[in-house]
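J.:
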Amino acid sequence: MPGRISRVLFDMDGVLINSNAAIETFWSEWASKEKLAITEADIRHKIHGRPTLETIDLLFAGSADETKQNIYSEARLFDITMRPLLLPGVKRFVTQLHAASVVTGVVTSAPAERITHMLQPHGIYHLFNAMVTSEDYTKGKPDPEPYTVMATRLAVKPSCCLVFEDADSGIRAALDAGMQVVAVNNAFEHERVIGHIPDFAGITMNGASILHNGNLLAQIDFSC
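Residue numbers for the sequence shown, in UniProt numbering: 1 to 224.
This is the structure in C-alpha cells:
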C-alpha cells in the first residue's frame, strides 16, 4: 500500500548514475590480476553498496598489504575520473521534487569528493538538501547507520522517508532503518519494498502524488 512520505532519499551508484557496469569491470580486472574469481554473489554482496576499503577487505583478504594499497589508490582515482551518465528520468524527477519543495538527500558509500565529481557535471548536485557520505558514519551498508544518520540530519521519522536503492546491501540498510524502499534495477525479490522500477523514466509527479507508470507509489505529506 502506498505510504505517506515527506523526504525522498537516493543512493548514488546504480540509482542516480549508471556506473555499475564500470565498477564491476574495475573490480573484476583487479581480481584477475590477483588470480581470483568474482562471482555474481560477490558482485551483489561485496561490491555494490560497499565502501572501497570494505570491498578490498572482503575480496582481497589474502593479498599483500602493498597490493591492497595499490588497489585503493587506483580505486580512488577511478572513482573521481569516471564520467557515467544519469539513469533515465533522474534529472526530471529530482528537478520536480526540488520545484515542489520536497526535501531530498543522497545516502552513499562513496566519499564526499566523489559525489561532487559525479553529480555536478549533470547539474543536479545543488538540487539535494543533504548528503550522507562514507565520512559520516562508522558502519556502512547493509548496516542501517547511514540512513539513520540521514534521518537525524533531516529531523524526520524514518517511516516518512522514501528511499530509492539498487544494491541488496542498501535495500537492507534502508529497510532496517524503518524507511519505505523502492528497489531500482534489482532483479531479486525483496520483502517489504513498496515497488520495483528499472529506472526513473516511468516516474512522474502529479500534485503530491509520486507515480510509476501511472500507478501511485507514494503520497507526499509535509506533516509526516
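We put the CB at the ideal spot given by N, CA and C, even for glycine. This one's a predicted model, so the numbers in the text were calculated from it and none came from an experiment.
Applying the 10 Å Cβ sphere with the 16-neighbour rule, what's the burial state of Pro146?
T.: Buried: at least 16 other Cβ atoms inside 10 Å.
J.: Under the rule that 16 or more other beta-carbon atoms within 10 Å means buried, what is Ile210, buried or exposed?
T.: Under this definition Ile210 is a buried residue.
J.: What did DSSP end up calling Asn70 once you bin it into helix, strand or coil?
T.: Of the three classes helix, strand and coil, the one that applies to Asn70 here is helix, per DSSP.
J.: Below 8 angstroms on the Cβ atoms is my contact criterion, and I expect Ala183 with Pro144 to pass it. Report the Cβ-Cβ distance as a whole number of Å.
T.: Incorrect: roughly 16 angstroms between the Cβ atoms, too far for contact.
J.: Whose CA, out of Gln120, Ser73, Phe60 and Thr55, lies closest to the CA of Ile17?
T.: Closest by alpha carbon: Gln120.
J.: At 3 residues or longer, what runs of the beta strand (DSSP E) sit wholly inside the region 80-112?
T.: With a minimum length of 3 residues, the continuous beta strand (DSSP E) runs that stay inside the region 80-112 are 103-107.
J.: For Ile80, count neighbouring Cβ atoms within 10 angstroms of its own Cβ and tell me buried if that reaches 16, exposed if not.
T.: Exposed, by the Cβ-count rule.
J.: What number of angstroms, rounded off, separates the C-alpha of Leu162 from the C-alpha of Arg192?
T.: Cα-Cα distance, rounded: 13 angstroms.
J.: Run through the DSSP bridge pairs and tell me what Asp13 is partnered with.
T.: Asp13 is bridged to Ile17.
J.: Only counting the same chain, and skipping five residues up and downstream in sequence, which positions put a Cβ closer than 8 angstroms to that of Glu135?
T.: Pro111 and Ala112.
J.: Tell me, please, which residues DSSP counts as bridged to His212.
T.: His212 is bridged to Ile203 and Asn215.
J.: Please say whether Leu154 and Ala173 have beta carbons closer to each other than 8 angstroms?
T.: Taking 8 angstroms as the Cβ cut-off, Ala173 and Leu154 do not qualify as a contacting pair.
J.: May I ask you to list the residues that DSSP assigns as paired with Gly170?
T.: Gly170 is not bridged to any residue.
J.: According to the Cβ coordinates, are Val94 and Thr108 closer than 8 angstroms?
T.: The answer is no: Cβ separation not under 8 angstroms.
J.: Which first and last residues belong to the beta strand (DSSP E) in which Leu162 is found?
T.: Cys161 to Glu165 is the extent of the beta strand (DSSP E) around Leu162.
J.: Could you tell me which whole beta strand (DSSP E) segments of length 3 or greater appear in the region 111-141?
T.: Entirely contained in the region 111-141, the beta strand (DSSP E) runs reaching 3 residues are, in chain order, 130-132.
J.: In this structure, does DSSP put His196 in helix, strand or coil?
T.: Three-state DSSP puts His196 in a strand.
J.: With burial defined as no fewer than 16 other Cβ atoms inside 10 Å of the residue's Cβ, what is the status of Pro198: buried or exposed?
T.: Exposed, by the Cβ-count rule.
J.: Roughly how many angstroms separate the alpha carbons of His122 and Asp65, rounded to a whole number?
T.: About 37 angstroms.
J.: Using the Cβ count rule (16 or more neighbours within 10 Å means buried), how would you classify Asp166?
T.: With 16 or more other Cβ atoms within 10 Å, it is buried.
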